[in-house]
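I have placed the structure first, in the form of structure tokens, so that the comments after it can refer back to it.
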Amino acid sequence: TGIADAMLDSVPMVCITGQVATPLLGTDAFQELDVFGLTMPIVKHSWLVRSVDDLPRVVREAFRIAREGRPGPVLIDLPKDVQIADASHLPAHVPEAVSPPPAPQEAAVAATIAAIAAAEKPVIYAGGGVALGDAVEDFRAFVEASAIPTVLTLRGLGALPPQHPHYLGMLGMHGTRAANMAVQESDLLVVVGARFDDRATGKLNEFAPFARVIHIDADAYEISKLRSADIAVPGNVGSALRALTAAATTPASQEAWRKRCGTHRERFAARYDAPGKHIYAPALLKRLSELAPSDAIIACDVGQHQMWVAQHCRFNHPRNHLTSGALGTMGFGLPAAMGAQFACPDRTVVLVSGDGSFMMNVQELATIARCRLPVKIVLLDNSSLGMVRQWQELFFAERYSEIDLSDNPDFAALAQVFGIPATRIEARDDVEGGLAALLAQPGPALLHVAIDARANVWPLVPPNNANSTMLESNPAHQSQEFPNAIPA
10 TGIADAMLDS VPMVCITGQV ATPLLGTDAF QELDVFGLTM PIVKHSWLVR SVDDLPRVVR
70 EAFRIAREGR PGPVLIDLPK DVQIADASHL PAHVPEAVSP PPAPQEAAVA ATIAAIAAAE
130 KPVIYAGGGV ALGDAVEDFR AFVEASAIPT VLTLRGLGAL PPQHPHYLGM LGMHGTRAAN
190 MAVQESDLLV VVGARFDDRA TGKLNEFAPF ARVIHIDADA YEISKLRSAD IAVPGNVGSA
250 LRALTAAATT PASQEAWRKR CGTHRERFAA RYDAPGKHIY APALLKRLSE LAPSDAIIAC
310 DVGQHQMWVA QHCRFNHPRN HLTSGALGTM GFGLPAAMGA QFACPDRTVV LVSGDGSFMM
370 NVQELATIAR CRLPVKIVLL DNSSLGMVRQ WQELFFAERY SEIDLSDNPD FAALAQVFGI
430 PATRIEARDD VEGGLAALLA QPGPALLHVA IDARANVWPL VPPNNANSTM LESNPAHQSQ
490 EFPNAIPA
């Protein structure tokens, strides 16, 4: 699962696995498994090393392939006899530097510049490829110079700071209304390092129906794979953005569009004054993001809390946000937070998890305690598999099945068993103090937060619907088909 997650989210990773000794290969020996064949669909490349003399070449190739082009995992399968063979005669090799993707063709860049200048309703739609291409600063400069309204995917969050005046929010199934409206009404979509994922596009044949598409991506295979590009710009994302920035203008013909998008952003901004007595998860996460250091790394698991984090936490850089995007792996968050803390020992690392996901890897509390990793855990407990419950409520006539987690353990007490300080809060008045105390702990700590079991994630594009169809908890915002429904 971890390898597949890395493949789908383009994470460079070198996996080294153990194998039975070479004379036993193919004999169904004890603990033999065809790891090489099993992982073929989920790695960029794999090797079964039969001789220790091959190791320098294989290791060098592994690190190069994992990082070049579109990053991803590779696997080296090492039989037992190769592992224990004498390697003293082998030369030491430092992994080779990886060449960046080639610069895009000048003709494609020129066509892009002309298309942007001619558009009246352009939108930039950017994804994880911005950070993967080390192009965050180039991207921000392009948005600033062009003043084009911008939307981001889940994996692209942080490419623009959330307070940026041209940022409309995340698009897609749980995106902002302003972001989805802008894309659906646009006449030009400038796609940067994104792949038209179904959770971003909704019903694909109704996505951005009036827009021409410019697709800038280091992975040429993604261009026109799901949506035909009118202008294809394969190659180095940073190089393309720098060329576009140098030629950027802010045509007066786009001013009304910029104003309209800004109005939508203000009109449909998130609200945090939810009625009721339960702790309101979006408000808690917004406050967590305000109290944590600006360079804090926030990891999350998968479920309702993942979408709440994406909607309400403020990310100033994509690498401050760790999430399982494409595979949606429950249990991802805790080991991801641990890895981030090992890599960045001087930074604050926070895990936001749900009661369902947390139990997937709860045993890692022992590792956190043993290594004294100062990970701060915010555990949102709604006594259910919340996202599944929400779908069963909305799309399956409230026929609930296998979502009840009302017999959860006392998570605060469980953490304390491992020697990790922990508290539980249930009232809204306790949120401020609970978060402050959590972040002030010098070592690991857990805050167990009881939230409403009936809370849902809003807005929501129903499955197999266009992004122009959104369900909204606030009736004042409800409009089943919003393109052109709101006066310009």
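In this text, residue positions in the sequence shown follow the working numbering: the first is 10, and each later residue adds one.
Backbone N, C-alpha and C define an ideal beta-carbon position, used for all residues, glycine too.
- In this structure, ALA436 lies away from LEU455, with their beta-carbon atoms at least 8 Å apart.
- Residue environment for LEU42: exposed (fewer than 16 other C-beta atoms within 10 angstroms of its C-beta).
- Looking at the DSSP output, GLN28 bridges to PRO88.
- For the pair of segments examined, the segment 274–290 was found to touch the segment 177–193: the number of CB pairs separated by less than 8 Å reaches three.
- In the assembly as shown, THR185 is a buried residue. Its beta-carbon has 16 or more other beta-carbons within 10 Å.
- Minimum Cα-Cα distance from GLY136 among the listed residues CYS353, TYR281, ILE93, ASP206 corresponds to ASP206.
- For the options ILE85, GLY138, VAL67, ALA128, the alpha carbon positioned closest to that of GLU105 is the one of VAL67.
- Judged by DSSP in its simplified three-state form, ALA156 adopts coil rather than helix or strand.
- Taken atom to atom, the span from the alpha-carbon of GLU153 to that of ALA422 is near 49 Å.
- Its Cα nearest to that of ALA283, the residue ASN465 stands out among ALA15, ASN465, TRP56.
- DSSP, read as helix, strand or coil, puts SER366 in helix.
- Cα atoms of PRO354 and ALA292: separation of roughly 28 Å, rounded to the nearest angstrom.
- Using a 10 angstroms sphere on the CB of ASP226, the tally of other CB atoms reaches 16 or more, which defines it as buried.
- Taking C-alpha positions only, TYR409 is separated from GLU115 by approximately 56 Å.
- The DSSP assignment places complete beta strand (DSSP E) segments of no fewer than 3 residues inside the segment 404–460 at 431–434, 454–459, in order along the chain.
- According to the DSSP assignment, ALA124 belongs to the alpha helix (DSSP H) that extends over 115–127.
- Across the structure, ALA241 and ARG204 are spaced so that their CA atoms are roughly 13 Å apart.
- By DSSP's assignment, ARG221 forms a beta bridge with LEU197.
- Sequence-distant partners of LEU169 (beyond 5 residues in either direction) whose C-beta falls short of 7 Å from its own C-beta, in its chain, are ARG149, VAL152, THR159, LEU161, TYR176.
- Taken atom to atom, the span from the alpha-carbon of GLY337 to that of MET479 is near 22 Å.
- The C-alpha of ASN474 lies about 6 Å from the C-alpha of GLY211.
- As the crow flies, the alpha-carbon of GLN92 is around 10 Å from that of THR26.
- Shortest Cα-Cα distance from HIS326 to any of VAL311, PRO302, TRP317 involves PRO302.
- Taking all protein chains shown into account, GLN399 has 16 or more neighbouring C-beta atoms within 10 Å of its C-beta and is therefore buried.
- For LYS268, the uninterrupted alpha helix (DSSP H) segment begins and ends at 264–276.
- Annotation for ASP390: the continuous beta strand (DSSP E) segment containing it runs 385–390.
- Linking GLU402 to ARG463 through their CA atoms gives a straight-line distance of about 9 Å.
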